[in-house]
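Terminal number for the sequence shown in this note's numbering: 463, no gaps in between.
Worksheet: one structure, shown below.
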Amino acid sequence: MKDIAAQEDKFIIKFKGTRGSYPVAKFDYLKYGGNTACIEVKCGKQSIILDAGTGIIDIKQNENQNQTTILISHIHQDHIQGLPFYKPLYNPVNTINLYGLNSQENLKETLKKVLFDKVFPLSIDEIKSNFNIENFSNENKIIISQNGNTKKYNSSDENFIIKKDDIIISAYKTPMHPKNGCLCFKIEFKGKTLIYATDKESQNTSDKDFIEFAKNCDFLIHDAQYTNDDYINPTNPKQGFGHSTFEMAVDIAHLTNAKKLFFFHYDPEYNDTKLSHLEKELTKKYNNVFFAKENHEFEI
Numbered sequence: 164m165k166d167i168a169a170q171e172d173k174f175i176i177k178f179k180g181t182r183g184s185y186p187v188a189k190f191d192y193l194k195y196g197g198n199t200a201c202i203e204v205k206c207g208k209q210s211i212i213l214d215a216g217t218g219i220i221d222i223k224q225n226e227n228q229n230q231t232t233i234l235i236s237h238i239h240q241d242h243i244q245g246l247p248f249y250k251p252l253y254n255p256v257n258t259i260n261l262y263g264l265n266s267q268e269n270l271k272e273t274l275k276k277v278l279f280d281k282v283f284p285l286s287i288d289e290i291k292s293n294f295n296i297e298n299f300s301n302e303n304k305i306i307i308s309q310n311g312n313t314k315k316y317n318s319s320d321e322n323f324i325i326k327k328d329d330i331i332i333s334a335y336k337t338p339m340h341p342k343n344g345c346l347c348f349k350i351e352f353k354g355k356t357l358i359y360a361t362d363k364e365s366q367n368t369s370d371k372d373f374i375e376f377a378k379n380c381d382f383l384i385h386d387a388q389y390t391n392d393d394y395i396n397p398t399n400p401k402q403g404f405g406h407s408t409f410e411m412a413v414d415i416a417h418l419t420n421a422k423k424l425f426f427f428h429y430d431p432e433y434n435d436t437k438l439s440h441l442e443k444e445l446t447k448k449y450n451n452v453f454f455a456k457e458n459h460e461f462e463i
């Protein structure tokens with residue numbers, strides 16, 4: 164019984180897709196991974212998936228757990244392209260609750276158009292699971308209990324009650340990427356905090372609202388798509404593309420007082436040799452920084 168109780172207290176992340184822009188299937192991409200953005204999070208008995216890039220395809224359904232929450236930061240292809248191939252969607256006993264940002268129209272209608280009805284053999288209405296899709300913003304909170312009860316609230320609502328085993332999800336909307344913004348997510352469980360900040364161009368480290376949002380987090384997963392040289396390349400600069408350099412991520416980790424920083428969302432042109440060189444250089448230069456690697460698992 165003690166082992167079961169201990170397992171229910173665990174807060175675990177597993178990187179399933181670490182790549183940005185598009186997936187890469189090449190021999191020299193095996194160490195850091197070639198799948199696009201996806202992270203599997205386990206909070207006690209509950210499962211949460213951050214983004215649905217191609218990394219989601221390999222995520223299996225947990226035994227004795229028929230509910231999963233998927234959080235979509237934004238609807239660029241590298242963050243949603245794996246969703247139609249996520250097998251638990253097609254099991255009728257499952258409940259899949261998906262929340263994401265879509266400021267222009269209803270998120271479900273957008274996903275129907277870009278992922279299902281006209282570009283996939285099944286329409287979104289033919290999916291067999293109980294598949295719920297809702298818009299989410301920085302004005303909302305999600306509370307998930309260990310028995311799977313999931314509710315979305317307005318952040319200003321004072322009527323919800325949080326129990327000690329509940330999972331609390333909130334978001335911060337970045338204005339720069341894509342044109343309609345992107346959600347950074349905060350997951351709080353058992354006194355620990357995970358911040359997921361993909362597709363965030365942190366060139367302005369005076370972003371006080373985000374720094375406050377992520378303050379004193381235990382794990383900061385931050386976009387680090389480019390090196391400084393690529394970011395300011397005189398012939399093909401990357402400023403304004405909505406992505407950070409490794410050093411930008413380090414600055415944000417320092418300002419937020421993050422205990423650990425994980426670089427994430429690597430440029431698809433950066434193979435294992437390049438990333439290994441960067442890992443050796445940056446982990447020697449900075450403390451408590453790590454390079455996300457596909458299928459590596461960590462406990463918060």
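Ideal placement from N, C-alpha and C gives every residue a C-beta, glycine not left out.
Source: prediction; values computed, not measured.
- Task: Figure out for me which residue from E302, K314, N434, H385 has the closest Cα to the Cα of I296.
- Result: What you label residue 296 is simply residue 133 of the sequence shown in a count that begins at 1. Checking every option, the nearest Cα to that of I296 belongs to K314.
- Rank A421, N257, L346 by C-alpha distance to the C-alpha of G405 and give the top, closest one. In the sequence shown, the residue the question calls residue 405 occupies position 242. Closest by alpha carbon: L346.
- Task: Ignoring anything shorter than 4 residues or poking outside the stretch 351-427, list the alpha helix (DSSP H) runs there in chain order.
- Result: 371-376, 391-394, 409-419
- Task: Return helix, strand or coil for K271, following the three-state DSSP convention.
- Result: Indexing the sequence shown from 1 puts residue 271 at position 108. In the structure shown, the three-state DSSP call for K271 is helix.
- Message: Am I right that D381 and L357 are in contact with their C-beta atoms under 8 Å? What's the rounded C-beta distance?
- Response: Indexing the sequence shown from 1 puts residue 381 at position 218. Indexing the sequence shown from 1 puts residue 357 at position 194. The pair is a contact, with the Cβ atoms about 7 Å apart (cut-off 8 Å).
- Task: Return yes when the Cβ of F178 is within less than 8 Å of the Cβ of H385, no when it is not.
- Result: Locating residue 385 in the sequence shown gives position 222, counting from the first residue. Locating residue 178 in the sequence shown gives position 15, counting from the first residue. Not in contact: H385 and F178 (Cβ atoms no closer than 8 Å).
- Who are the near neighbours of P431 in its chain, counting only those whose CB is closer than 6 Å to its CB and skipping five residues on each side? Here residue 431 refers to the residue found at position 268 of the sequence shown. The answer, listed in chain order, is R182, S184, Y185, V187.
- Item | Residues of its chain near Y359, where Cβ-Cβ distance is below 6 Å and the 5 sequence neighbours each way are ignored | In the sequence shown, residue 359 corresponds to position 196, counting from 1. Closer than 6 Å at the Cβ level, and outside the excluded window around Y359, lie L213, F348, I384.
- Task: Decide if the stretch 421-431 is in contact with the stretch 450-458; the criterion is three or more beta carbon pairs, one per stretch, under 8 Å apart.
- Result: Remark: three or more beta-carbon pairs, one from each stretch, lie closer than 8 Å, so the stretch 421-431 and the stretch 450-458 are flagged as touching.
- Task: Would you list the one or two residues that DSSP bridges to N295?
- Result: Indexing the sequence shown from 1 puts residue 295 at position 132. Secondary-structure assignment with DSSP links N295 through a beta bridge to N260.
- State the Cα-Cα distance for the pair I167 and S365, rounded to the nearest angstrom. Here residue 167 refers to the residue found at position 4 when the sequence shown is read from its first residue. Here residue 365 refers to the residue found at position 202 when the sequence shown is read from its first residue. Bear in mind that the predicted position of I167 carries a pLDDT of just 45, short of 50, making it too unreliable to give a figure here.
- Evaluate E203 with the Cβ neighbour count: other Cβ atoms within 10 Å of its Cβ, from every protein chain shown; 16 or more gives buried, anything less gives exposed. For this step, residue 203 is matched to residue 40 along the sequence shown. By the 10 Å Cβ count, E203 comes out buried.
- Item | Spatial distance of K363 from F248 (CA atoms) | Taking the sequence shown and counting its residues from 1, the one referred to as residue 363 is at position 200. Taking the sequence shown and counting its residues from 1, the one referred to as residue 248 is at position 85. Their Cα atoms are separated by approximately 27 Å.
- Distance between beta carbons of D191 and T436, contact taken as under 8 Å: For this step, residue 436 is matched to residue 273 along the sequence shown. For this step, residue 191 is matched to residue 28 along the sequence shown. At roughly 7 Å, the Cβ-Cβ gap stays under 8 Å, so T436 and D191 are in contact.
- Nearest to K353 by alpha carbon, out of I330, L441, K371? Position 190 of the sequence shown, counting from 1, holds the residue named residue 353. It is I330 whose Cα lies nearest to the Cα of K353.
- Message: Suppose you measure from the CA of N293 to the CA of L278; what does that come to, to the nearest Å?
- Response: Counted from its first residue, the sequence shown places residue 293 at position 130. Counted from its first residue, the sequence shown places residue 278 at position 115. The straight-line gap from Cα to Cα measures roughly 18 Å.
- Check whether the Cβ atoms of T231 and I259 lie closer than 8 Å to each other. The residue given as residue 231 occupies position 68 in the sequence shown. The residue given as residue 259 occupies position 96 in the sequence shown. Yes, the pair counts as a contact, with Cβ atoms nearer than the cut-off.
- Query: What's the C-alpha gap between L274 and I243?
  - Reply: By 1-based counting over the sequence shown, the position of residue 274 is 111. By 1-based counting over the sequence shown, the position of residue 243 is 80. Looking at the two C-alpha atoms, the distance is approximately 9 Å.
- Query: If you draw a straight line from the alpha carbon of N391 to that of L193, how long is it in whole angstroms?
  - Reply: Along the sequence shown, read from residue 1 onward, the residue named residue 391 stands at position 228. Along the sequence shown, read from residue 1 onward, the residue named residue 193 stands at position 30. Straight-line Cα distance between these residues: approximately 24 Å.
- Task: Helix, strand or coil for V277, going by three-state DSSP, please let me know.
- Result: As a working mapping, residue 277 is identified with position 114 in the sequence shown. Helix at V277.
- Query: Could you give the residue range of the beta strand (DSSP E) that holds E462?
  - Reply: The sequence position of residue 462 within the sequence shown is 299, counting from 1. Run containing E462: 460-462, per the beta strand (DSSP E) assignment.
- Item | Per-residue burial, E444 [other beta carbons within 10 Å of its own, 16 or more giving buried] | For this step, residue 444 is matched to residue 281 along the sequence shown. In this structure E444 is exposed. Its beta-carbon is surrounded by fewer than 16 other beta-carbon atoms within 10 angstroms.
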